[in-house]
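2 protein chains.
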Amino acid sequence: MADKRKMGLAVAQMGPVHLADTRAMVVRRLRDMLAEAHGRGARMVVFPELALTTFFPRYWMEDSEAQARFFEATMPNADVQPLFDDARRLGVGFYLGYAELTPRGVPYNTAILVDETGKIVGKYRKIHLPGHDDHKPDAPFQHLEKKFFTVGDEPFGVWDTMGARIGMALCNDRRWPETWRMMSLQSAEIVVLGYNTPSVNIHWPEPVHLRMHHHLITLQASAYQNCVWAAAAAKCGSEDGFHMIGGSVIVAPTGEIAAQAVTEDDEVLVVNADLGLGDTFRKNVFDFARHRRPEHYSLITERVGPGAALPRNPIE
Amino acid sequence: MADKRKMGLAVAQMGPVHLADTRAMVVRRLRDMLAEAHGRGARMVVFPELALTTFFPRYWMEDSEAQARFFEATMPNADVQPLFDDARRLGVGFYLGYAELTPRGVPYNTAILVDETGKIVGKYRKIHLPGHDDHKPDAPFQHLEKKFFTVGDEPFGVWDTMGARIGMALCNDRRWPETWRMMSLQSAEIVVLGYNTPSVNIHWPEPVHLRMHHHLITLQASAYQNCVWAAAAAKCGSEDGFHMIGGSVIVAPTGEIAAQAVTEDDEVLVVNADLGLGDTFRKNVFDFARHRRPEHYSLITERVGPGAALPRNPIE
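Chains as they are written, first to last, in our numbering: chain U, 1054 to 1369; chain P, 1054 to 1369.
Here it is in structure tokens:
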């Protein structure tokens, strides 16, 4: 068997953040979960996407209003600094999602990776923005990520920190197999992500149970196919009446769920993850260098949407 | 809701084919299952990979011996012709996997698509060949696909036939997300495949239950992520003492298992599949043209194996 390289890996699921909740109230909850994760042996904690505020893309408003109320112009800032201080004091790193407004005024759906000294070592800006950019007054709520955010300007990334090679994604990215492949091709061992997934699909009457099903099968298959640990943190439950799924999980490279949240509230999962578990797959069934055939994958980068069948030789 | 375009879609799982079994014995079983599928409303039947013989890549032998015993130099040939005749008589098409030796002597692991008039309308030669090409005398059996077969010389394909756009894959192809993406980017509505999956992993002591788990999560996630029906037919059970998993399934574009084999023997599954079910996903969460970002997928075609992290700008 491969060498065991164990890492305490935590997911901190969050219950609802309501419109009336302040950043200070939210950070207090994050600090409590960071401390619990530390006490249970975690070296790193994964927090949700847009963790500091309610999932505001559900509300129609002007960009300027959204940016004033829900975006962070600096990170850390005074509200979040105590979390960074705890990280350094306890020696526990974290992943945190928030709405970023850059110095040049560009809005991104962003995640950062903070190491065990409290330093920001990586930043990822969401590439697969779901939803729409127009007002849908007949829908029960909006999904305005394509309005409020710009598509990430940098590639999918992997950072070598805290004893592991860690890739970052955000929410809808997890449904796209390309996301995971871009990270495993950069030698990721762990993929971390936060999400806000409404229980109701506003586009068609999708059975509600499918939302959780799609979340889980996608994470399980992607962890297996890319030989990585996957750690996914939900913000969930009913935010001012708008419900989102829970189901935060830590998935092993075997595709098995090693830990799963059982509430729709603040809840910490910790797994003592053997990073070597992915090696057995990387060296055999998914030895990419021996088995992948990029010469047969051309359409993945040549086409955006679906098109006609490729030409073929006559059948011999 | 989308228009309902129903299609009777069948999977014909096969129990073992032993070394002593003749092609004629096997074709008799295939014909029985084709007739059953027809009686239950199927317009098309999916048979396994290498359906006409035992899974011979488990045995070390010279290529010339393998080709003489286990390959087909013509298709249809006298042994298989009765299956083609039944297809035309009943008006039921099929997918069939077999070992192909071309007129120029090139060996492929091949699948054909035969329409309801008994005509071969498509041929696919396996791209993701698993296993090894050297003799491993200490292993309990061999997995010599890389020795006995050449990598497919044509792209992943989709054929417009029998009222649907049908993509073909074979066995190990199903574990690679690129396979499915190549087909959905050619507008596939159904992906059909056969497989022979040994229950024991000869490369490392993998828990046996994971073989079925990986098979199912990969099919479910891939069907969902690509908005296709997936129909997968096993050859399974113990062939001369070498056991392979069953678990033949028809998976909906929802990622749900619509039908699953419950034996390790010859067994027919039929689903009246609504091809329109995939459209709801194609038009929303997986509207590729709106959501895919090929400019961020470059490594998928540029790299074969994993490498270093991509360069990034300084964190601002």
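Ideal Cβ positions, reconstructed from N, Cα and C, are used throughout, including at glycine.
If you're wondering where the values come from, they're calculated on a predicted model, not measured in any experiment.
Residue i to residue j span [Cα, whole Å]
i, j, result
"GLN1134 of chain P", "PRO1156 of chain P", "19 angstroms"
"MET1078 of chain P", "LEU1072 of chain P", "12 angstroms"
"MET1054 of chain P", "ALA1140 of chain U", "Residue confidence for MET1054 of chain P is low, a pLDDT of 46 falling below 50, so the modelled location carries little weight; the figure read from the coordinates is stated next. So the two alpha carbons sit approximately 50 angstroms from each other."
"ARG1058 of chain P", "MET1067 of chain P", "29 angstroms"
"TYR1112 of chain P", "HIS1188 of chain P", "9 angstroms"
"ALA1312 of chain P", "PRO1260 of chain U", "19 angstroms"
"ARG1218 of chain U", "ASP1327 of chain U", "13 angstroms"
"SER1237 of chain U", "VAL1245 of chain P", "27 angstroms"
"GLY1358 of chain P", "ASN1225 of chain U", "26 angstroms"
"SER1291 of chain P", "THR1107 of chain P", "10 angstroms"
"LEU1083 of chain U", "ASP1186 of chain U", "31 angstroms"
"PRO1364 of chain P", "ILE1270 of chain P", "33 angstroms"
"TRP1229 of chain P", "GLU1118 of chain U", "44 angstroms"
"SER1252 of chain U", "ILE1173 of chain U", "32 angstroms"
"GLU1198 of chain P", "VAL1321 of chain P", "27 angstroms"
"ASP1074 of chain U", "GLY1308 of chain P", "37 angstroms"
"TRP1257 of chain P", "VAL1338 of chain U", "10 angstroms"
"GLY1375 of chain U", "MET1060 of chain U", "The requested residue 1375 of chain U is not part of the displayed model; chain U covers only 1054 to 1369."
"TYR1177 of chain P", "ALA1222 of chain P", "7 angstroms"
"HIS1262 of chain P", "GLY1331 of chain U", "17 angstroms"
"HIS1091 of chain U", "TYR1350 of chain P", "36 angstroms"
"GLU1369 of chain P", "THR1127 of chain U", "9 angstroms"
"ARG1096 of chain U", "PHE1147 of chain U", "8 angstroms"
"ASN1279 of chain U", "THR1232 of chain P", "14 angstroms"
"GLY1121 of chain P", "ARG1076 of chain P", "Looking at the sequence shown, residue 1121 of chain P is not Gly but Ala. Roughly 13 angstroms between the two C-alpha positions."
"ASP1293 of chain U", "GLU1153 of chain U", "23 angstroms"
"VAL1145 of chain P", "THR1214 of chain P", "12 angstroms"
"ALA1276 of chain P", "ALA1274 of chain U", "11 angstroms"
"GLY1094 of chain P", "MET1086 of chain P", "12 angstroms"
"HIS1266 of chain U", "PRO1306 of chain P", "12 angstroms"
Partners in chain P for residue i, counting only beta-carbon separations shorter than 8 angstroms
i, result
"LYS1337 of chain U", "The sequence given here places Asn at residue 1337 of chain U; Lys does not occur at that position. Neighbours of ASN1337 of chain U on chain P, chain order: ASN1254, HIS1256 and TRP1257."
"GLN1239 of chain U", "LEU1352, PRO1359, GLY1360, ALA1361, ALA1362 and LEU1363"
"VAL1167 of chain U", "Here the premise fails: no neighbours, minimum Cβ distance about 11 angstroms."
Own chain partners of residue i with C-beta closer than 8 angstroms, once the 5 adjacent residues on each side are dropped
i, result
"LEU1272 of chain U", "ARG1227, ALA1283, ALA1285, VAL1302 and VAL1304"
"ALA1192 of chain U", "ILE1255"
"SER1240 of chain P", "VAL1211 and ARG1218"
Helix, strand or coil at residue i according to DSSP, with G and I counted as helix
i, result
"THR1214 of chain P", "strand"
"MET1086 of chain U", "helix"
"ALA1140 of chain U", "helix"
"ALA1077 of chain U", "helix"
"GLU1320 of chain U", "strand"
"PRO1101 of chain U", "coil"
"ASP1340 of chain P", "coil"
"ASN1366 of chain P", "coil"
"ASP1226 of chain U", "helix"
"LEU1352 of chain P", "helix"
"LEU1328 of chain P", "coil"
"GLY1094 of chain U", "coil"
Cross-chain neighbours of residue i in chain P, by beta carbon under 9 angstroms
i, result
"ASN1130 of chain U", "Simply none; closest approach about 15 angstroms."
"ARG1111 of chain U", "Result: empty, since nearest Cβ-Cβ is about 16 angstroms, beyond 9 angstroms."
Proximity test, residue i beta-carbon vs the ligand ATP heavy atom, cut-off 7 angstroms
i, result
"ARG1142 of chain P", "The ligand ATP is not part of the structure shown, which contains no ligands of any sort."
Within chain P, the residues that residue i reaches when beta carbons sit closer than 7 angstroms
i, result
"ARG1141 of chain U", "Correct list: empty, because the minimum Cβ distance to chain P is about 17 angstroms."
"LYS1176 of chain U", "ILE1368"
Partners in chain U for residue i, counting only beta-carbon separations shorter than 9 angstroms
i, result
"ILE1310 of chain P", "Simply none; closest approach about 10 angstroms."
"PHE1147 of chain P", "Result: empty, since nearest Cβ-Cβ is about 16 angstroms, beyond 9 angstroms."
Residues near residue i in its chain [Cβ-Cβ closer than 6 angstroms; skip 5 each side]
i, result
"PHE1194 of chain U", "ARG1111 and PHE1295"
"MET1235 of chain P", "PHE1209"
"PRO1190 of chain P", "none"
"GLY1220 of chain U", "VAL1211, MET1236, ALA1241 and VAL1244"
"GLU1102 of chain U", "GLY1150, LEU1223, CYS1224, GLY1247, TYR1248 and ASN1249"
"VAL1099 of chain U", "VAL1064, TYR1148, VAL1245, ALA1284 and ALA1286"
Cβ shell of residue i (< 7 angstroms), same chain only, five flanking positions each side left out
i, result
"PHE1137 of chain P", "PRO1129, VAL1167 and GLY1171"
"ARG1335 of chain U", "CYS1280"
"PHE1201 of chain U", "PRO1110, ASP1116, ALA1119 and PRO1160"
"GLY1184 of chain P", "PRO1110, HIS1196, LEU1197, GLU1198 and LYS1199"
Within chain U, partners of residue i - CB distance below 7 angstroms
i, result
"ILE1173 of chain P", "ILE1368"
"PRO1230 of chain P", "PRO1230, ARG1234 and GLN1278"
"GLY1210 of chain P", "ALA1362, LEU1363 and ARG1365"
Within chain U, the residues that residue i reaches when beta carbons sit closer than 8 angstroms
i, result
"GLN1273 of chain P", "ILE1270 and ALA1274"
"THR1155 of chain P", "GLU1369"
task: Pick out the complete alpha helix (DSSP H) segments inside the segment 1171-1212 of chain P, 4 residues or longer, and give them in chain order.
output: 1198-1201
Completely contained alpha helix (DSSP H) runs for the segment 1230-1310 of chain U, where each covers 4 or more residues: 1230-1237 and 1262-1279
query: Taking only runs of the alpha helix (DSSP H) that begin and end inside the segment 1106-1159 of chain U, which ones reach a length of at least 4 residues, in chain order?
result: 1116-1123 and 1134-1143
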